[in-house]
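This note's numbering applies: residue 898 is where the sequence shown begins, and numbers increase by one. Note that the Cβ used here is the ideal one computed from N, Cα and C, for glycine as well. All values derive from a computational prediction rather than experimental measurement.
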Amino acid sequence: MASRKRSPPRFHSNPDMSVVSSTVLIRQDSPRYPSSLFKQLEDSAPAELSALGNLDILQQKTLALFCSVKCPGDLILKTYDLAQQLREAEVTVIGGFHSPMERECLTILLRGNQHLIVCPARSLKDMRLPSAYKKPLDQGRLLLLSPFLEKERRHTVELASRRNQFVVTLATAVFVSYAEPAGKTEALCHQVLQWGKPLYTHRSALNPNLISMGAVPLDSVPDL
898 MASRKRSPPR FHSNPDMSVV SSTVLIRQDS PRYPSSLFKQ LEDSAPAELS
948 ALGNLDILQQ KTLALFCSVK CPGDLILKTY DLAQQLREAE VTVIGGFHSP
998 MERECLTILL RGNQHLIVCP ARSLKDMRLP SAYKKPLDQG RLLLLSPFLE
1048 KERRHTVELA SRRNQFVVTL ATAVFVSYAE PAGKTEALCH QVLQWGKPLY
1098 THRSALNPNL ISMGAVPLDS VPDL
């Protein structure tokens, strides 16, 4: 019996996604290369960064935003309020925006007028962008920034860890809504404090681990 020739698979385009078409490379000898990477990572600083969007945002003070995957309900409400306050105050926010709470915050921030830096845990090469990125990119409010090589196109736990360290290195200060005890986000907070960067969290009985290690509890937008 003759075998039937199989047709190639069909891939349906997603109208809510577009592919990154062009990026800019920022090498270590470029004046655009952030000096904080040399200061904290030294010889481990990425040889080059790939970027899409407004590079001038790199010159601004930024607040990194993190939250563990599992977040208590009370802190979810507080974090929603914080994201709205950051939007109204037009604070420049940087993050990977990977956990559910972080993604919710990004949705809120994209609707504002402030600048944002999004750092995916992969290369920008052939990365699909949500349609919600188009308007802020056109307005010069958004910068996508990655320290990863072109071949690193698949999100992994290792790349996420490296990305989070990269975000912390670039940030002026860090706000952590919730860090699960003994989890990866809590370990990142220890790194933030070792580098002498300001670390903030919600004023809440649900954050004793962060407050005891030195995070400053706040009720509103931190002063950068």
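Would you kindly work out how many angstroms separate the C-alpha atoms of residue i and residue j, rounded to a whole number?
i: C1016; j: A1076; result: 20 Å
i: F908; j: L1026; result: Residue placement at F908 is poorly supported in this model, since its pLDDT is 30, which falls under 50; the coordinates still yield a value, given next. About 17 Å.
i: L1021; j: I973; result: 30 Å
i: R1059; j: A1018; result: 8 Å
i: T976; j: P1114; result: 13 Å
i: M1110; j: N1104; result: 10 Å
i: C1002; j: D1023; result: 25 Å
i: I1049; j: S996; result: A small fix is needed here, since residue 1049 is Glu in this sequence, not Ile. Cα to Cα, E1049 sits roughly 20 Å from S996.
i: Q1091; j: H1099; result: 20 Å
i: E945; j: P969; result: 38 Å
i: Q937; j: Q1062; result: 10 Å
i: E987; j: G1009; result: 8 Å
i: S859; j: V921; result: The structure shown does not extend to residue 859, since the chain spans only 898 to 1121, so no value can be given for it.
i: G1080; j: P1095; result: 20 Å
i: S1028; j: E985; result: 23 Å
i: E939; j: D971; result: 39 Å
i: K967; j: L1040; result: 27 Å
i: F1072; j: S933; result: 18 Å
i: G1093; j: A1084; result: 15 Å
i: D1116; j: D978; result: 10 Å
Since residue i and residue j are thought to touch, with beta carbons under 8 Å apart, how far apart are those beta carbons, to the nearest angstrom?
i: Y1097; j: P1119; result: 5 Å
i: A1070; j: L960; result: 5 Å
i: L962; j: P931; result: With a Cβ gap of about 18 Å, L962 and P931 do not count as contacting.
i: L952; j: R929; result: 6 Å
When we look at the beta-carbon of residue i and count the other beta-carbons within 10 Å, is it buried (16 or more) or exposed?
i: E999; result: buried
i: P1033; result: buried
i: L1121; result: exposed
i: G950; result: buried
i: S1074; result: buried
i: A980; result: buried
i: P943; result: buried
i: A1112; result: buried
i: G993; result: buried
i: F935; result: exposed
i: R1051; result: exposed
i: R1038; result: buried
Are residue i and residue j closer than 9 Å when you measure CB to CB?
i: S941; j: T1082; result: no
i: S1043; j: S919; result: no
i: Q1088; j: V1054; result: no
i: F1011; j: L1046; result: Reading off the sequence, residue 1011 comes out as Gln, not Phe. No. Outside cutoff.
i: L1067; j: C1086; result: no
i: I991; j: I1014; result: yes
i: Y1030; j: L1007; result: yes
i: Q957; j: T989; result: yes
Where in the region 1026–1095 do unbroken runs of the beta strand (DSSP E), each at least 3 residues long, occur, reported from the N-terminal end onward?
1039–1043, 1070–1073
Could you tell me which whole alpha helix (DSSP H) segments of length 4 or greater appear in the region 917–964?
932–938
May I have a chain-ordered list of the beta strand (DSSP E) segments no shorter than 3 residues that lie completely inside the region 966–1026?
990–992, 1013–1015
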